[in-house]
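*Asks:* First to last, the sequence lines map onto chains L and C.
Per this note's numbering, numbering of the first sequence is gapless, rising by one per residue and ending at 178.
Per this note's numbering, numbering of the second sequence is gapless, rising by one per residue and ending at 112.
Yeah, the Cβ is synthetic: ideal placement off N, Cα and C, and Gly gets one too.
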Amino acid sequence: MINLLLFLALLLLGYGVGRYLERRHYRSILRREREYGDVLLTTERRPEPDLHLEGCELVVGSVVVSVDYFKRFLAALRNLVGGRMSSYETLLDRGRREAVLRMKRQARERGANMIFNVRFETSSISRDSGSALGSVEVMAYGTATSLRQGEEGVVEV
Amino acid sequence: MLISNLEMVPGHRIVRHLGLVQGSTVRAKHVGRDILASLKNIFGGELSGYTELLQEAREEAVERMKRQAEAVGANAVINVRFSTSSVTQGAAELFAYGTAVVLERRDD
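#1: Residues in the same chain with beta-carbon distance under 8 Å from residue 66(L), minus the five sequence neighbours each way, listed in chain order, please.
#2: If distances are taken between C-alpha atoms only, which option among 64(L), 134(L), 25(L) and 107(L) comes closest to residue 57(L)?
#3: Tell me, please, whether the CB atom of residue 5(C) is closer than 8 Å to any CB atom in chain L?
#4: For residue 160(L), which residues does DSSP report across the bridge?
#5: What is the residue span of the alpha helix (DSSP H) that residue 59(C) lies within?
#6: Taking the continuous beta strand (DSSP E) assigned at residue 109(C), which residues delimit it?
#7: Determine whether the beta carbon atoms of residue 39(L) and residue 48(C) lie at a separation below 8 Å.
#8: What's the gap between the Cα of residue 198(L) and the Cα of residue 95(C)?
#9: Could you check whether the Cβ of residue 101(C) sits closer than 8 Å to any Cβ belonging to chain L?
#10: Ordered along the chain, which non-local residues of its own chain (more than five positions away) have a Cβ less than 6 Å from that of residue 8(C)?
#11: Since residue 89(C) sits in a beta bridge, which residues does DSSP pair it with?
#12: Residue 46(C) and residue 36(L) look like a contact to me (Cβ under 8 Å); what is the Cβ gap, rounded to whole Å?
#13: Tell me, please, which residues DSSP counts as bridged to residue 135(L).
#14: Using 8 Å as the cut-off, can you tell me whether the stretch 95 to 112 of chain L makes contact with the stretch 73 to 82 of chain C, which would need three or more C-beta pairs spanning the two stretches below that distance?
#15: If you reduce the DSSP assignment to three classes, tell me which class residue 122(L) lands in.
#16: Can you tell me the Cα-Cα spacing of residue 164(L) and residue 82(L), whole angstroms?
#17: Could you work out which residues of chain L lie near residue 13(C), taking near to mean beta carbons separated by less than 7 Å?
#18: Is it right to say residue 55(C) is buried, meaning 16 or more other beta carbons lie within 10 angstroms of its own, or is it exposed?
#19: Does the structure place the stretch 112 to 120 of chain L close enough to the stretch 18 to 28 of chain C that three or more beta carbon pairs sit under 8 Å?
#20: Helix, strand or coil: which one does DSSP assign to residue 48(L)?
#21: How far does the alpha helix (DSSP H) with residue 28(C) in it reach, from first residue to last?
#22: So is residue 29(C) in contact with chain L if we call contact Cβ pairs under 8 Å?
#23: Using a C-beta to C-beta distance shorter than 7 Å, which residues of chain C count as neighbours of residue 49(L)?
#24: So who's on the other strand from residue 81(C), going by DSSP bridges?
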């Protein structure tokens, strides 16, 4: 009985607080995406030789995110019937966008306005047994440089 | 020491290739962080303790790679890649590798 109550309490807590935290995180992501909108990202590995680029430095952004108790429960149910797991989709979406923003911030701190060869890597941080899966590390990395404006070869966005 | 994941560095010419350099580190989480993280697991969201831990570890791996590159006389490491794998429970290996090269400024 006590176990059941605890379970329900955790479920409720996870649902309420998790939802609130997720919304807050999304708001913050949207705000910062606007703020860092002028940092250009590309997966291009070889910048055009006629671009005027200054500086060259590796920038990395990473974050470890986890789902809440409620979503983990939903995912366990979803596992029975299969199909789309939207709770994990949002988790990875949040993680990836956050990692990109951190990478952009690092680039901005170094005075760069462009990041070449952006790569992503996702790895699950295993916790306890298989059922506790739910924390993933997402990292984004690339090479930050600054594109000199007002010269030939400037990329149109 | 210039670190980049591009295949070439803008404004520079590669004078010499010195081969693969790598750096790795295996880190375990400590109990305090683990307890905090499992509490946070109820609510979801960022586990900042782990984020920091992995960041530090990655910096360490890059540092080791740099040292190896210095030892072979390089002044840059290009085409850097990262890889993360969990080795055993509660420990992760962070691995960074790239090509050590000698760069020269190109004047044109």
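*Replies:* Working from what's here:
#1: 137 and 138
#2: 134(L)
#3: no
#4: 83(L) and 142(L)
#5: 52 to 75
#6: 95 to 109
#7: yes
#8: Here chain L has residues from 22 to 178 only, and residue 198(L) is not among them.
#9: no
#10: 82
#11: 97(C)
#12: Not a contact, Cβ separation roughly 11 Å.
#13: 61(L) and 166(L)
#14: no
#15: helix
#16: 12 Å
#17: 77
#18: buried
#19: no
#20: helix
#21: No alpha helix (DSSP H) contains residue 28(C), which is instead part of the beta strand (DSSP E) from 16 to 32.
#22: no
#23: Within chain C, no residue comes near residue 49(L); the closest Cβ sits about 11 Å away, beyond 7 Å.
#24: 7(C) and 104(C)
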